[in-house]
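Input: a single structure, listed below in structure tokens.
Protein chains: 2
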Amino acid sequence: MKIVVDAFGGDNAPKEIVEGALLSLQKHDDLEIILCGDKLTLEKLLENRYANRVTIEHAPDIISNDDTPTEAIRKKDNSSLVKAFDILKNNDDVIALVSAGSTGAILTGAIMKIGRIKGISRPALAPILPTKLPNKDVLLIDSGANVDCKPINLQHFALMGSAYYSILYGVENPKVGLLSNGVEEHKGNELTKEAFPLLKSSPINFIGNVEAREYMSGNIDVMVAEGFAGNVLLKSSEGAVLAVLSLLKRSIKSHFLSKLGAIFMSKTFKELKNRIDVLGKHGGSPFLGCKKLVMKNHGSSNRNNIASSIEQAILLYNNKLIQKIEKAIEVTNANS
Amino acid sequence: MKIVVDAFGGDNAPKEIVEGALLSLQKHDDLEIILCGDKLTLEKLLENRYANRVTIEHAPDIISNDDTPTEAIRKKDNSSLVKAFDILKNNDDVIALVSAGSTGAILTGAIMKIGRIKGISRPALAPILPTKLPNKDVLLIDSGANVDCKPINLQHFALMGSAYYSILYGVENPKVGLLSNGVEEHKGNELTKEAFPLLKSSPINFIGNVEAREYMSGNIDVMVAEGFAGNVLLKSSEGAVLAVLSLLKRSIKSHFLSKLGAIFMSKTFKELKNRIDVLGKHGGSPFLGCKKLVMKNHGSSNRNNIASSIEQAILLYNNKLIQKIEKAIEVTNANS
């Protein structure tokens, strides 16, 4: 199988992207990588390693965060990202695209070049977040790409999130909750009240309304949210975690005994840091609702993040994520 | 001046409520307290202390969290809370009501018995939250009472929140931000995009859109949010803080050196705990947009929380919070 990689997207491109791709070749004997980007630079970086399993697709242009996504996808035909999308689109044996480039351009490219799964009007990014339990993560869908959603969008988020979580963690019936301002069925705003019965009637393990406070409790697998609220959930948790760490640091610095204690506690602080960094574990997130696998990596991705993202793409492909989502949407639409 | 206290509302009623009221009498020579509740019980608790400055208003009934708020306010005439509302309503020299009882009943009573300030359709509760800076708090308005708001509601939240923060912290022009999913003016959902120009044209120090991640940064004084999103902000931050503390605790327990380190760090952990507990500092929150001061205390309030809440009511009264809000709404409505 083949995966196409945008070698010139991201803060650490192209070196870390290339090294990440090579790492994944080590692990998967049947994998081939297509690297999109400036040929000469890539050849130098590759130094002939894995020569028979790496193809370079020359693309001298780069899409940056300053480019308008739609413009860039339409006009920058020779950019590493557009080239990668064209390859994903035109080749059945290319199973996924991986990029750490501009989020806007990746999402726009996915919709314009690859297209949405039939019946889905709003694809979504679903980041993984840590919980307070050591080996338990939670998926948030949507995290901000889609604001002013309709109830049916939330139903699609639930179906896609459930299928994705199920494969990623090998869980049979992930617990799906609807973000609300109270647990009772009558709580919520107009949108969630209309979405509630749709989720209830869907072929998922719907556990009802969930308060924002509960999402890191470990009692829930998939949190469904309208994009604006989901964005608030994601960002405020990040902000709160950073604030606690900042308060801790400041206090440690100002007390001699605390400074000493912090040295003894280095293992704990390291554990905490690793636990909070879920991103590193999975590398990136697929753009759910798209016809093929488009993996969006964080701009700051290093080689390990890229390798994890490729790893994840293979897992999702082998477990037929796209087909499962297509099936779920089809069944639900037929029933409604 | 007189303040009426619902002596039978809250988990620690009546003892802690009574003791809290007496604490505030110690501090303010010109203060008189009216305690509502069962006469005999209150007399026993008072033991004749401050006899000339405490009046008991007999109210044998209690409103619990199980009562339907509207029903309770309408029918439980002899409850400590309804009695307190009647006293606040009928006496010009009673400047505020303090209760740690059922939130729903307090808010319903405030609207039904006291009424809204002219022009305000949706009063709001505005809790204070900690930031990562040691001496800087942030106000959130609305935190969940009002979902599916209109743009004008957000404008009112901004005006009320600004007036309240200004008095509470003695800050001339508090920085008011609008919760959104991006800082640029064009970011947001339909509601915030419509609210943005209203806030911009208001007589406040509007700093634009603010992401949820920033609200604990200390760079902002008043965060304006539609109730659903505000609730997510409040609850997810609580959840995230608790999750970090829980992960820390678990890790400390599992490493001997960390356990030792934690002992050295006890001062830091105590500081962190105090910093996070902003509630204790202010006791309660006023129900903003109401014609008189109605202070809602947390159900678990102890004597210090009650005393702080009374203290806050006196501060807000002396600095004419209600009149300032009335004025701001009048001016804004005249301009629109």
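Going down the list, the sequences are from chains F and R.
Here our numbering = 1-based position in the first sequence + 664.
Here our numbering = 1-based position in the second sequence + 664.
We treat Cβ as the ideally placed atom computed from N, Cα and C, and that holds for glycine.
It should be emphasised that the depicted structure is a prediction, and the values quoted were computed from it without experimental measurement.
Residues that residue i contacts on chain F, provided the C-beta gap is smaller than 7 Å
{"i": "R/Leu-897", "result": "Val-896, Ser-900"}
{"i": "R/Met-880", "result": "Gly-903, Ala-904, Ala-907"}
{"i": "R/Phe-892", "result": "Asn-845, Asn-853, Ala-893"}
{"i": "R/Ser-922", "result": "Phe-928, Met-929, Lys-931, Thr-932"}
{"i": "R/His-919", "result": "Lys-931, Thr-932"}
{"i": "R/Arg-967", "result": "Those within 7 Å of R/Arg-967 in chain F number zero; the least Cβ separation is about 27 Å."}
6 Å Cβ shell around residue i - same chain, five flanking residues per side excluded
{"i": "R/Leu-862", "result": "Pro-815, Gln-819"}
{"i": "R/Val-886", "result": "Leu-803, Gly-825, Ser-826, Tyr-829, Pro-838, Val-840"}
{"i": "R/Phe-672", "result": "Pro-678, Gly-701, Ile-726, Ser-744"}
{"i": "F/Val-668", "result": "Ile-698, Ala-748, Ile-751, Leu-752, Val-758, Leu-761"}
{"i": "F/Gly-783", "result": "Ile-993, Asn-997"}
{"i": "F/Lys-703", "result": "Ile-720, His-722"}
{"i": "R/Gly-852", "result": "Ser-844"}
Limits of the unbroken beta strand (DSSP E) element including residue i
{"i": "F/Asp-1003", "result": "Chain F is shown from 665 up to 1000; residue 1003 of chain F falls before or after that span and cannot be answered."}
{"i": "R/Asn-873", "result": "869-875"}
{"i": "F/Thr-719", "result": "718-722"}
{"i": "R/Val-762", "result": "758-763"}
{"i": "R/Lys-839", "result": "839-844"}
{"i": "F/Leu-952", "result": "948-952"}
{"i": "F/Leu-793", "result": "792-794"}
{"i": "R/Val-802", "result": "801-805"}
{"i": "F/Ile-697", "result": "696-701"}
Contacts around residue i, its chain only, beta-carbon distance under 8 Å, and the 5 residues preceding and following it disregarded
{"i": "F/Arg-713", "result": "Leu-686"}
{"i": "R/Glu-836", "result": "Ser-830"}
Residue i and residue j closer than 8 Å at C-beta
{"i": "F/Ala-977", "j": "F/Ala-827", "result": "no"}
{"i": "R/Glu-878", "j": "R/Ile-884", "result": "yes"}
{"i": "F/Val-811", "j": "R/Leu-897", "result": "no"}
{"i": "F/Val-947", "j": "R/Ile-927", "result": "Sequence check: residue 947 of chain F is Gly here, not Val. Cβ atoms of F/Gly-947 and R/Ile-927: not closer than 8 Å."}
{"i": "R/Ile-970", "j": "R/Ile-781", "result": "no"}
{"i": "F/Val-888", "j": "F/Leu-843", "result": "yes"}
{"i": "F/Glu-721", "j": "F/Lys-691", "result": "no"}
{"i": "R/Pro-787", "j": "R/Gly-674", "result": "no"}
{"i": "F/Phe-892", "j": "R/Asn-845", "result": "yes"}
{"i": "R/Leu-789", "j": "R/Phe-951", "result": "yes"}
{"i": "F/Val-958", "j": "F/Ile-805", "result": "no"}
{"i": "F/Met-880", "j": "R/Ala-907", "result": "yes"}
{"i": "R/Met-776", "j": "F/Met-929", "result": "no"}
Listed by chain order, chain R residues near residue i by CB distance under 8 Å
{"i": "F/Ser-910", "result": "Lys-796"}
{"i": "F/Ile-927", "result": "Gly-925"}
{"i": "F/Ser-915", "result": "Lys-931, Thr-932, Glu-935, Leu-936"}
{"i": "F/Leu-843", "result": "Val-896"}
{"i": "F/Arg-780", "result": "The premise fails here: F/Arg-780 is roughly 21 Å from chain R at the closest Cβ pair, so nothing lies under 8 Å."}
Whole-angstrom C-beta distance between residue j and residue i, which should lie under 8 Å
{"i": "F/Asp-670", "j": "F/Gly-765", "result": "6 Å"}
{"i": "F/Gly-903", "j": "F/Gly-808", "result": "So it is not a contact: roughly 14 Å between Cβ atoms."}
{"i": "R/Leu-912", "j": "F/Thr-795", "result": "In fact, because the Cβ distance is near 14 Å, the residues do not count as touching under 8 Å."}
{"i": "R/Leu-936", "j": "F/Ser-915", "result": "6 Å"}
{"i": "F/Ser-900", "j": "R/Ser-900", "result": "5 Å"}
{"i": "R/Arg-967", "j": "R/Glu-683", "result": "4 Å"}
{"i": "F/Lys-956", "j": "F/Ile-986", "result": "7 Å"}
{"i": "F/Ile-737", "j": "F/Thr-772", "result": "5 Å"}
{"i": "R/Leu-823", "j": "R/Ser-866", "result": "6 Å"}
Residue range of the alpha helix (DSSP H) that includes residue i
{"i": "R/Leu-772", "result": "Checking the displayed sequence, the identity of residue 772 of chain R turns out to be Thr instead of Leu. Looking at the DSSP string, the run of the alpha helix (DSSP H) that includes R/Thr-772 is 767-773."}
{"i": "R/Met-824", "result": "815-833"}
{"i": "F/Asn-961", "result": "Per DSSP, F/Asn-961 belongs to no alpha helix (DSSP H); it is in the beta strand (DSSP E), 957-961."}
{"i": "F/Glu-890", "result": "Where F/Glu-890 is concerned, there is no enclosing alpha helix (DSSP H), given that its DSSP letter is neither H nor E."}
{"i": "R/Val-746", "result": "744-754"}
{"i": "F/Gly-684", "result": "679-691"}
{"i": "F/Ile-993", "result": "985-999"}
{"i": "F/Thr-856", "result": "854-864"}
{"i": "F/Gly-1003", "result": "Any question about residue 1003 of chain F goes unanswered here, given that chain F covers just 665 to 1000."}
{"i": "R/Pro-733", "result": "733-739"}
{"i": "F/Arg-967", "result": "967-982"}
Partner residues on chain F for residue i, Cβ-Cβ distance less than 9 Å
{"i": "R/Asp-812", "result": "Asn-853, Glu-854, Leu-855"}
{"i": "R/Arg-786", "result": "Ordered by position in chain F, no residue passes the 9 Å Cβ test against R/Arg-786, which lies about 14 Å from the chain."}
{"i": "R/Arg-713", "result": "Within chain F, no residue comes near R/Arg-713; the closest Cβ sits about 40 Å away, beyond 9 Å."}
Neighbour list for residue i in chain R, Cβ cutoff strictly below 9 Å
{"i": "F/Thr-1017", "result": "Residue 1017 of chain F is absent from the structure shown; chain F starts at 665 and stops at 1000."}
{"i": "F/Gly-808", "result": "Asn-845, Gly-846"}
Contacting residues, own chain, Cβ-Cβ under 7 Å from residue i (five flanking each side not counted)
{"i": "R/Leu-689", "result": "Leu-695, Ile-697, Tyr-714, Arg-717"}
{"i": "R/Gly-768", "result": "Pro-733"}
{"i": "F/Asn-729", "result": "Ser-766"}
Proximal residues of chain R, C-beta to C-beta of residue i below 7 Å
{"i": "F/Ser-728", "result": "Ordered by position in chain R, no residue passes the 7 Å Cβ test against F/Ser-728, which lies about 17 Å from the chain."}
{"i": "F/Glu-875", "result": "Lys-899"}
{"i": "F/Arg-717", "result": "None at all; the shortest Cβ gap to chain R is about 41 Å."}
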